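Heads up: the sequence shown begins at 3 in the numbering used here, then just goes up one per residue.
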Amino acid sequence: MSNSGFVLLDKIAGETSFKALFPLKRVFSTKRVGHAGTLDLRASGLIIAATGRCTRLLPFIEAKDKCYSFRLHLGYETDTLEWDGEVVEQGEALALTREKLEAVLPQFTGDIEQIPPKYCAVKINGVRASDLMERGRNIELKPRKIHIGELKVIGEGEVTEGCSGKEFATFDLICECSKGTYIRALGRDIGRALGTYACVSQIRRHRIGNVTLDKAVRGEDLTRENLLPVDAVLDFPVVRLTDEQVAVIRQGNWLPWKEKVEGVGPEGHVFAANMQGEVLSLCFYEPGRIKPKFYLGEDEK
3 MSNSGFVLLD KIAGETSFKA LFPLKRVFST KRVGHAGTLD LRASGLIIAA
53 TGRCTRLLPF IEAKDKCYSF RLHLGYETDT LEWDGEVVEQ GEALALTREK
103 LEAVLPQFTG DIEQIPPKYC AVKINGVRAS DLMERGRNIE LKPRKIHIGE
153 LKVIGEGEVT EGCSGKEFAT FDLICECSKG TYIRALGRDI GRALGTYACV
203 SQIRRHRIGN VTLDKAVRGE DLTRENLLPV DAVLDFPVVR LTDEQVAVIR
253 QGNWLPWKEK VEGVGPEGHV FAANMQGEVL SLCFYEPGRI KPKFYLGEDE
303 K
């Protein structure tokens, strides 16, 4: 049985994304594992992990849009932008209603610029920003271009006790966004747009591209049956090859291809599979020929 494929994990809050991969190493007896996008330590939800040769496909998944839910705590801001960090700013928020919150959300949809949290994985001269902050360094991060497709409030909100013991208004939100979006920074900026401060909690990732959390498993429940083929996660068109054509692709050569392939994106990526439907290679397609980019199948015995 192949050890190469994808696994959908439901990461628990408090676990690093790196540690979430440990069950894959155990179940599939391999050190060659990776994931398509880190989740914050306190965040939970969907991680798309890969084993074996499929780790080479992870960059294509990292580029996909994501969907998150989170809780917005209005009235104070912390150093980490998480609800239980060290409070650095406080303001009034109990009078803020759902209507007032919804009124500022349109300014955060579409193509916008966002300054990442200072506690994050962005590197400055090769060192993670969070590591520099822990060393007591004062850092400034540059704005990054992101895209937010949808941002909406769920429910009417409630009053909860913040980490300082004071009562604050909280709301639950859903965000669909591009790669590189920081939900903690989004919460910070929403608070400032409301004339107060904010931080977040309960960040949960529900979707990456077309892959949803409801199909994910916890690490402790992982078995070999949870290994998915590549075309279950990436939706590139699939072309079926004869054994003779597979031999050409395996050698890394251009393969003449007269049939038109529908649904090819601007980068020209297609999967090449054998007649049994097993995906063997990621290829470039252009009218009249196909060329393998890298091989994904098992080696010949």
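Just so you know, even glycine gets a beta-carbon here, dropped at the ideal spot from N, CA and C.
In this text the structure is predicted, and so the values were computed from the model without any measurement.
Query raised in the report: Near Y199, which residues of its chain fall below 7 Å by C-beta distance, leaving aside the five closest residues on each side in sequence?
Result: G77, Y78, E79, E91, Q92, G93, G193
Query - C-alpha gap between P118 and I148, whole angstroms - result: 11 Å
Query raised in the report: Just reading off the beta strand (DSSP E) that G112 is part of, what are its end residues?
Result: 112-116
**Report entry** Nearest-angstrom Cα separation, counted from K217 out to I126
**Finding:** 36 Å
Report task. Identify which residue in F296, T225, V161 has its Cα closest to the Cα of Q253. Result -> F296
**Report entry** Neighbourhood of R28 by C-beta, 8 Å cutoff - its chain only, sequence neighbours within 5 removed
**Finding:** none
Query raised in the report: Is V240 near F286, with beta carbons less than 7 Å apart?
Result: no
Query - First through last residue of the alpha helix (DSSP H) which encompasses D42 - result: D42 -> no alpha helix (DSSP H), and no H or E assigned at all.
Query raised in the report: Any heavy atom of the ligand GDP closer than 6 Å to the CB of C69?
Result: Looking for the ligand GDP in the displayed structure turns up nothing, as the structure carries no ligands at all.
Query raised in the report: Where does V281 land, buried or exposed, given buried means 16+ other C-beta within 10 angstroms?
Result: buried
Query raised in the report: Hey, G47 and D12 are a contact pair by Cβ (cut 8 Å); roughly how many whole angstroms apart?
Result: 7 Å
Requested in this report: Output the distance between the C-alpha atoms of L229 and Y184, rounded to the nearest integer angstrom.
Outcome: 29 Å
**Report entry** C-beta atoms of Q204 and R73 nearer than 7 Å
**Finding:** yes
**Report entry** Chain-order list of residues whose beta-carbon lies under 6 Å from that of G151 (same chain, five-residue window excluded)
**Finding:** E178
Query raised in the report: Going by alpha carbons, who is nearest to R186 out of L60, E163, H75?
Result: H75
Requested in this report: Output yes or no for whether 7 Å exceeds the beta carbon distance between A171 and V106.
Outcome: no
Query raised in the report: By DSSP, does T225 sit in helix, in strand, or in coil?
Result: coil
Query - 3-residue-minimum beta strand (DSSP E) runs that sit fully inside the region 127-180, ordered along the chain - result: 146-163, 169-179
Query - Alpha-carbon spacing of V232 relative to F8, whole angstroms - result: 7 Å
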